[in-house]
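Colleague: In this note's numbering, the protein residues as written are 8 to 488.
By construction, the Cβ of each residue, glycine as well, lies at the ideal position given by its N, Cα and C atoms.
First the structure, then my questions, so here it is.
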């Protein structure tokens, strides 16, 4: 593609050494640049892409997009905002593939992965050709590939959209993180539907305070980003969005008046059942996904799918086909008669939701294994300890992706919120093992924080580790129920 065409929608300040060269690829990593490529310089938290422009040219870049002039022999396109330019250039390079898809974005603090997963399963069960972009991975027509972050980088997103369009995908369901909204990763893309789950504390290391974090979530619910919205009527932020948005919207809930709601809810046993009422269309729902929080997740997905034209019976059928979601209340029953539950809960509110559900269905003790991630919101660490103390009979405080921080210091900080008997065990495998050895008949062991993750991140390196792998090894079983 000629450079002039690639820049047709991009705001530029000036062109240096301009030549209308042929562009064979677009990159923001100098190490990946190939001959004929265009390299975009971005400023990150740790590195500045401008420092790698010369290396990109050496690797074959024939053009560089930057926020300032650079002493290079190839054309340099100077732009006011490299991230915005990346989005515009990527969309053009990949044929504006997003416009060929119906994109459903799921926004919220907790429940994004489950809601996105359930939505995609309902749509695919109803015969639609689907793709899913989530924390648990990327699926295109059921084909899996790993995902490094909740919402991939802009270039990756447009490449994925192009692959989806080429393969005939109709619906792409994706999680939209607050970071992705703040960085405008979907600049120029209009989602068919924006779904809001809930709001609670997280990521204050990045956003500074709750109102700033809330504001970012709310900012996605405008006509600049979506055509319509599905909102949680039982969440205060959801109600704020309903009052302020310029989008047409549909609400869902249990406690407050809503367009879609659940009645006769039974979610305390090993199964969940309720009657789904959407605009007076009533359908029974039976699900293997337990807990009140999963009632909300299935309700959000059901409402979104009804807005998209899926019939209530097909919605109910799609939900009934889901046996479990990896790393979300994933359960193993041990021969001694106790359960071990692995869940991704890593915020105070997420922990409360999971433990409240488990406590209600536990006849023995509730033993909790948890930790707090390093280089993330430090203010939530004692709050997580308080959340654990509200429900647990015993806790193991352990390591959870300490990154560059001292894991012991992280444990000491979360311990400040604990008021229940506990033990500090830095080695996560040893902590899980200790909890399992402590458990007796009718007890429940909750292993929280990492869920589906298959690594531990320590001092900049990722080491293979999976909570469920350890649990299955201890249980001597090949699969989870």
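Let me know if residue 278 comes out buried or exposed under the rule of 16 or more other beta-carbons within 10 Å of its beta-carbon.
Modeller: For this step, residue 278 is matched to residue 271 along the chain shown. With fewer than 16 other Cβ atoms within 10 Å, it is exposed.
Colleague: Taking just the CA atoms, how far does residue 269 sit from residue 327?
Modeller: Here residue 327 refers to the residue found at position 320 of the chain shown. Here residue 269 refers to the residue found at position 262 of the chain shown. Going from the Cα of residue 327 to the Cα of residue 269 covers about 16 Å.
Colleague: Quick one: residues in its chain with C-beta nearer than 6 Å to the C-beta of residue 485, no 5 flanking neighbours on either side, listed in chain order?
Modeller: The residue you call residue 485 lines up with position 478 of the chain shown. Because residue 485 sits at a pLDDT of 41, beneath the cut-off of 50, its placement in the model cannot be relied upon, and the following sentence gives the value as read from the coordinates. Once the five neighbours on either side are set aside, residue 485 has no close Cβ partner at all.
Colleague: Measuring alpha carbon to alpha carbon, tell me which residue in 99, 378, 428 and 298 is nearest residue 12.
Modeller: Stepping through the chain shown from its first residue, residue 12 is reached at position 5. Out of 99, 378, 428 and 298, 99 has the C-alpha closest to the C-alpha of residue 12.
Colleague: Could you compute how far the alpha carbon of residue 488 sits from the alpha carbon of residue 238?
Modeller: Here residue 488 is taken as the residue at index 481 of the chain shown, counted from 1. Here residue 238 is taken as the residue at index 231 of the chain shown, counted from 1. Confidence at residue 488 is low in this model, with a pLDDT of 40, below 50, so its placement is unreliable and the value that follows should be read with caution. Rounded to the nearest angstrom, the two C-alpha atoms are 31 Å apart.
Colleague: Any idea which residues DSSP pairs residue 350 with across the strands?
Modeller: The count along the chain shown starts at 1 and reaches residue 350 at position 343. Paired residues: 455.
Colleague: Relative to the alpha-carbon of residue 37, which residue among 22, 29 and 61 has its alpha-carbon at the smallest distance?
Modeller: Here residue 37 refers to the residue found at position 30 of the chain shown. The shortest C-alpha separation from residue 37 is found at 61.
Colleague: Helix, strand or coil for residue 415 per DSSP?
Modeller: Stepping through the chain shown from its first residue, residue 415 is reached at position 408. In the structure shown, residue 415 sits in a helix (DSSP, three-state: H, G or I).
Colleague: What do you get for residue 415, buried or exposed, if any count of 16 or more other CB atoms within 10 angstroms of its CB means buried?
Modeller: Residue 415 sits at position 408 when you count from the first residue of the chain shown. Residue 415 comes out exposed.
Colleague: Going by DSSP, name the residue or residues bridged to residue 179.
Modeller: One-based indexing of the chain shown puts residue 179 at position 172. DSSP output for residue 179 lists 110 and 138 as bridge partner(s).
Colleague: Under 9 Å, do residue 290 and residue 255 count as touching if we go by C-beta distance?
Modeller: The residue given as residue 290 occupies position 283 in the chain shown. The residue given as residue 255 occupies position 248 in the chain shown. Their beta carbons are not under 9 Å apart, which means residue 290 does not touch residue 255 by this criterion.
Colleague: Counting C-beta neighbours from all protein chains within 10 Å, is the total for residue 82 16 or more, i.e. buried, or is it exposed?
Modeller: Position 75 of the chain shown, counted from the first residue, corresponds to residue 82. With 16 or more other Cβ atoms within 10 Å, it is buried.
Colleague: Is the region 112 to 122 in contact with the region 199 to 209, if contact means three or more CB pairs nearer than 8 Å?
Modeller: Touching, per the Cβ criterion.
Colleague: Which class does residue 319 belong to by DSSP, given the choice of helix, strand or coil?
Modeller: Looking up residue 319 in the chain shown gives position 312. Reduced to three states, the DSSP call for residue 319 is helix.
Colleague: Cβ of residue 95 versus every heavy atom of the ligand ZN: is any distance shorter than 8 Å?
Modeller: Judged by which ligands are present, the structure shown has none, so any question about the ligand ZN falls away.
Colleague: For residue 151, write down the residues that DSSP places opposite it in a beta bridge.
Modeller: By one-based count along the chain shown, residue 151 stands at place 144. Paired residue(s): 146.
Colleague: Check whether the region 415 to 427 and the region 305 to 324 touch, using three or more Cβ-Cβ pairs below 8 Å as the test.
Modeller: These segments do not touch.
Colleague: Do residue 404 and residue 378 have their beta-carbon atoms positioned less than 9 Å apart in this structure?
Modeller: What you label residue 378 is simply residue 371 of the chain shown in a count that begins at 1. What you label residue 404 is simply residue 397 of the chain shown in a count that begins at 1. Yes. Within cutoff.
Colleague: Just checking my contact of residue 446 with residue 358 at CB under 8 Å: how many whole Å lie between their CB atoms?
Modeller: Within the chain shown, residue 446 is the residue found at index 439, counting from 1. Within the chain shown, residue 358 is the residue found at index 351, counting from 1. Not confirmed; about 19 Å, so no contact.
Colleague: Which class does residue 29 belong to by DSSP, given the choice of helix, strand or coil?
Modeller: Mapped onto the chain shown, residue 29 falls at position 22. Strand.
Colleague: Just tell me which of 430, 384 and 393 has its CA closest to the CA of residue 402.
Modeller: Locating residue 402 in the chain shown gives position 395, counting from the first residue. Of the candidates 430, 384 and 393, the one whose C-alpha sits nearest the C-alpha of residue 402 is 430.
Colleague: Output yes or no for whether 9 Å exceeds the beta carbon distance between residue 168 and residue 225.
Modeller: Numbered from 1 along the chain shown, position 161 holds the residue referred to as residue 168. Numbered from 1 along the chain shown, position 218 holds the residue referred to as residue 225. Contact: no.
Colleague: Does chain B have any CB closer than 9 Å to the CB of residue 308?
Modeller: In the structure shown, chain B cannot be found, because there is only a single protein chain.
Colleague: Output needed for residue 443: all residues of its chain with C-beta closer than 7 Å, excluding positions within five of it in sequence on either side, in chain order.
Modeller: Mapped onto the chain shown, residue 443 falls at position 436. The answer, listed in chain order, is 347, 452 and 481.
Colleague: In the structure shown, what three-state DSSP assignment does residue 206 receive?
Modeller: As a first step, residue 206 must be located in the chain shown, where it is residue number 199. If DSSP states are grouped into helix, strand and coil, residue 206 belongs with coil.
Colleague: Exposed or buried, what is residue 90 when buried is set at 16 or more other beta-carbons lying within 10 Å of its beta-carbon?
Modeller: The count along the chain shown starts at 1 and reaches residue 90 at position 83. So residue 90 ends up on the buried side.
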